[in-house]
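Asker: Numbering (this note's numbering), first residue to last: 10 to 149.
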Ligand code: IDP
Ligand code: MG
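1) Quick check: the Cα distance between residue 40 and residue 14, rounded to an integer number of angstroms?
2) So the candidates are 90, 66, 25 and 62; which of them puts its Cα closest to the Cα of residue 42?
3) Cβ of residue 129 within 7 Å of any heavy atom in the ligand MG?
4) At the level of alpha carbons, what is the spacing between residue 32 and residue 112?
5) Using a Cβ-Cβ cutoff of less than 6 Å, which residues in the same chain neighbour residue 142 once the five nearest sequence positions on both sides are dropped?
6) Helix, strand or coil, according to DSSP, for residue 54 in the structure here?
7) Tell me the residue span of the alpha helix (DSSP H) that contains residue 127.
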């Protein structure tokens with residue numbers, strides 16, 4: 010059975026452009042409930058470990074620099090079929106390929122600066138939520 014939690018970050022480009030409010034509204038209107046939320050900024054070291062699965066990819070160094078370039082908003086979200094439904098809401102990695110009305114179609118500026126992160130599996134949703142939030146912050 011599909012899980013009910015996913016993890017997201019509003020990335021530095023979207024936060025910096027003042028799009029956080031509009032994106033959070035879209036998330037809530039799509040039926041996701043916010044279970045944990047924080048404004049923070051990753052060091053290069055933390056961004057490097059968050060994206061360690063991509064360390065052999067050519068864009069890894071740029072991605073680490075970009076993700077540590079400014080504040081992000083991290084959230085744990087709850088909904089039935091959370092991971093898949095959230096990936097649908099945010100759209101394809103490359104905004105040029107993202108469907109109309111998706112967060113990335115509306116707010117991403119490039120394949121790298123693509124406005125938002127969404128976990129790709131229930132297992133990673135757990136790992137990523139635990140990376141950002143302590144047990145006390147995951148109270149519900
Ligand atoms: P996803 O965020 O849609 O799951 P991933 O393949 O997991 O996409 O890549 C993680 C992040 O790395 C992307 O969201 C994007 O910011 C960046 N990225 C992915 N592919 C490229 C690329 O080809 N060039 C530059 N950055 C990329
Ligand atoms: Mg991914």
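Positions of the beta carbon are idealized from the N, C-alpha and C atoms, including for glycine.
Answerer: Per the coordinate set shown:
1) If I take the Cα positions, the gap works out to 12 Å.
2) The shortest Cα separation from residue 42 among 90, 66, 25 and 62 belongs to 90.
3) The answer is yes for residue 129.
4) When rounded, the separation of the alpha-carbon atoms in residue 32 and residue 112 is 7 Å.
5) Within the same chain, 45 come within 6 Å of residue 142 by CB-CB distance, once the 5 residues on both sides are set aside.
6) Residue 54 falls in the helix class under three-state DSSP.
7) Counting along the chain, residue 127 falls outside any alpha helix (DSSP H), though it belongs to the beta strand (DSSP E) covering 125-127.
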